[in-house]
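And the structure:
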C-alpha cells in the first residue's frame, strides 16, 4: 500500500451523514450509525417473528434457539432480581438482543460498530439508570434512599459509606457504557491493524514478505473468533448488570 495512503484503524468509526437534516443549530441527520441501528431492530424483529412463528410442541432448531435466548435472559433476571423482576423481562430481553445484534453486525465486512460509539452506549446506560430511579421512586418513595444506607453499618462509618454508595450509583451510567464501548472499540481496532498488516505484506513486491502475511492473517482469524466471544459476553454483561440495577429498584437496602 502506498505510503501516501496509510491504513487508519479509526476510520471505521467515523459517523457519516446519509440524509442531512439540519434544523437551525440542531443536527438531526440520518447517519450510518442510525442506519445500522434501524437494521439491528429490523433483524432482531424478523428473527424473533420467524423463529417463534411455528410454536411447535417439539421445537425445531430456530424455535429452540429463540426459546434458549428467552430462557437464558429469564433465568438471569430471575436469579438477580427474583420473581418480582420478571415484569422487566421485555426490557432486559430487548436490551440484550439489541446489544448482541449490534455487536455481531459490527463484525461483518463493511459493517459499522454502533456499540463502539460512546454516545450510543451511554444513551443505553442512561435509559437503564433512569428506569431504575423512576421505578424505585415510584414504588418506594423516599424508601428508595435505603439503597444508599446498607444494613448493619456502624453509625460512625455511616456518612462515609453513604458517600461511597452515592458515588458508586452516580458512576453506574459511566461504567456501564464505557465497559461496552471500550471492549468493542479495542477489538475492532486490533482487527483493523492485523488486517492492515495482511494487506501491506501481500501488496509487497517481495515474495518473502508475501509469505509472512500468513502470520497476521492467522492472528486476524484468531482475533475475529475472540471478538465473536466478546460480542456475546458483553451483551450478557450489559444484561446482567441491568438486572442487578433493577434489583436495587425493586429491593432497595437488601
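Residue numbers (the working numbering): 15 to 268.
The beta-carbon is built from N, C-alpha and C at its ideal position, and this holds for glycine as well.
Is residue 32 helix, strand or coil by DSSP?
-> Taking the chain shown and counting its residues from 1, the one referred to as residue 32 is at position 18. If DSSP states are grouped into helix, strand and coil, residue 32 belongs with the strands.
Element boundaries [alpha helix (DSSP H), containing residue 253] | The count along the chain shown starts at 1 and reaches residue 253 at position 239. Per DSSP, residue 253 belongs to the alpha helix (DSSP H) from 228-264.
Note the first and the last residue of the continuous alpha helix (DSSP H) segment covering residue 108.
-> Reading the chain shown from its first residue, position 94 is the one you call residue 108. Looking at the DSSP string, the run of the alpha helix (DSSP H) that includes residue 108 is 103-119.
Rounded to a whole number of angstroms, what is the C-alpha to C-alpha distance between residue 232 and residue 215?
-> Locating residue 232 in the chain shown gives position 218, where the first residue counts as 1. Locating residue 215 in the chain shown gives position 201, where the first residue counts as 1. Roughly 13 Å separates the two Cα atoms.
Quick one: grab the DSSP three-state call for residue 178.
-> For the purposes of this step, residue 178 is identified with residue 164 of the chain shown, where counting begins at 1. Helix, per DSSP.
Tell me whether residue 259 is buried or exposed, calling it buried when 16 or more other Cβ atoms sit within 10 Å of its Cβ.
-> In the chain shown, the residue the question calls residue 259 occupies position 245. Buried, since its Cβ has 16 or more Cβ neighbours within 10 Å.
Taking the alpha helix (DSSP H) that residue 211 falls in, what are its first and last residues?
-> Here residue 211 refers to the residue found at position 197 when the chain shown is read from its first residue. From DSSP, the alpha helix (DSSP H) with residue 211 extends over 186-216.
Give me the Cα-Cα distance between residue 22 and residue 199, rounded to the nearest whole angstrom.
-> Counted from its first residue, the chain shown places residue 22 at position 8. Counted from its first residue, the chain shown places residue 199 at position 185. Cα to Cα, the separation comes out at about 14 Å.
Which first and last residues belong to the alpha helix (DSSP H) in which residue 146 is found?
-> Walking along the chain shown from the start, residue 146 turns up at place 132. It spans 132-154 - the alpha helix (DSSP H) in which residue 146 sits, taken as one unbroken run.
Which term fits residue 102, buried or exposed, when burial requires 16 or more other beta carbons within 10 angstroms of its beta carbon?
-> Looking up residue 102 in the chain shown gives position 88. Residue 102 should be labelled buried.
DSSP-derived helix/strand/coil call for residue 161 = Residue mapping note: residue 161 aligns to position 147 of the chain shown, counting from 1. If DSSP states are grouped into helix, strand and coil, residue 161 belongs with the helices.
Would residue 90 pass as a contact of residue 253 if the rule is Cβ separation under 8 Å?
-> Along the chain shown, read from residue 1 onward, the residue named residue 90 stands at position 76. Along the chain shown, read from residue 1 onward, the residue named residue 253 stands at position 239. Their beta carbons are under 8 Å apart, which means residue 90 touches residue 253 by this criterion.
Is residue 65 helix, strand or coil by DSSP?
-> For the purposes of this step, residue 65 is identified with residue 51 of the chain shown, where counting begins at 1. Helix.
Could you check which residue in 201, 243 and 38 has the C-alpha nearest to that of residue 24?
-> As a first step, residue 24 must be located in the chain shown, where it is residue number 10. Among 201, 243 and 38, the Cα nearest to that of residue 24 belongs to 201.
Identified DSSP bridge partners for residue 41 | For the purposes of this step, residue 41 is taken as residue 27 along the chain shown, with counting starting at 1. In the DSSP output, where bridge partners are listed per residue, residue 41 has 36.
Do the region 201-212 and the region 170-190 touch if we need at least three Cβ pairs shorter than 8 Å?
-> no
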